[in-house]
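Note sheet for the following structure.
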Amino acid sequence: MAIQISPSILSADFAHLADEAAAVSPNADWLHVDVMDNHFVPNLTLGLPIVESLYKAADTPLDCHLMIEDPDSWAPGYAEAGAGSVTIHAKAANAPVRTLREIRKQGARAGLALNPAEPVEPYADLVGEMDMLLLMTVEPGFGGQKFLDVVLPKIRRAREILDSRESSVWLQVDGGVSDETIERAAEAGADVFVAGSAVYGAQDPAGAIDALRAQAVKAGGRG
Ligand code: DX5
Ligand code: ZN
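The numbering of the sequence shown is our numbering, which starts it at 138 and goes up by one.
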């Protein structure tokens, strides 16, 4: 499994989203789109109409991270809108298995996300229902927070669960990923890295992606 970088447009200029997407498109594997509803998290960002427009405007596949209540109702719509990957939060979903299946049925990759304090073990048997497991390395809601090292042992345990099942499920980390933290996360076994402020806060966002990727490949050896 190759290392992948998914820059988060939460740290981009929302008035120029098409340009911001273009600035990273040759270098990024995905464009991470943080959907927040001010209920599941205390912040409000964007929804389906913007994802529909971004899908038409961006060359990079969209990695939609739904930090919303009732993802069971909403998630399939993001897949229909063209997202290449749709991730729901386990604790927000009433019927995660059904919803992950619906996402796949609509042609997208299905992701399941866990907050820092949520254990991974209860979801081990659901590995076959998902294409990506997202372990939050900050409490969700805002960009620019500090990477939580307390999540590192869980990343290792998740990697063991996946490897012991010979699973090809991707292991994504999101929050506080930077040149100072990406090596620890890669060593622990993550292979997909969301980076908001570390990419869009850089002078050269495309160069920042390449540098992060090189660090992760070196540390994780999964490239
Ligand atoms: C936080 C979001 C993240 C955020 C990451 O809740 O899910 O995707 O954009 O931003 P940084 O990389 O700045 O921590
Ligand atoms: Zn996110």
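The beta-carbon is built from N, C-alpha and C at its ideal position, and this holds for glycine as well.
Linking T182 to S190 through their CA atoms gives a straight-line distance of about 15 Å. Taking all protein chains shown into account, A194 has fewer than 16 neighbouring C-beta atoms within 10 Å of its C-beta and is therefore exposed. Of all residues, those with a beta-carbon under 6 Å from at least one heavy atom of ligand 2 are S145, H169, D171, H202, D311 and V331, reported in chain order. With fewer than 16 other Cβ atoms from the protein chains shown falling within 10 Å of its own Cβ, V234 counts as exposed.
8 Å or more divides the Cβ of H169 from the Cβ of M204. In the structure shown, D300 falls within a helical segment according to DSSP collapsed to helix, strand and coil.
Of the other Cβ atoms in all chains shown, 16 or more fall within 10 Å of the Cβ of H202; this residue is therefore buried. Contact between A250 and V223 is ruled out by a C-beta separation of about 11 Å, above the 8 Å threshold. The stretch 321 to 330 and the stretch 146 to 163 do not touch, with fewer than 3 CB-CB distances between them shorter than 8 Å.
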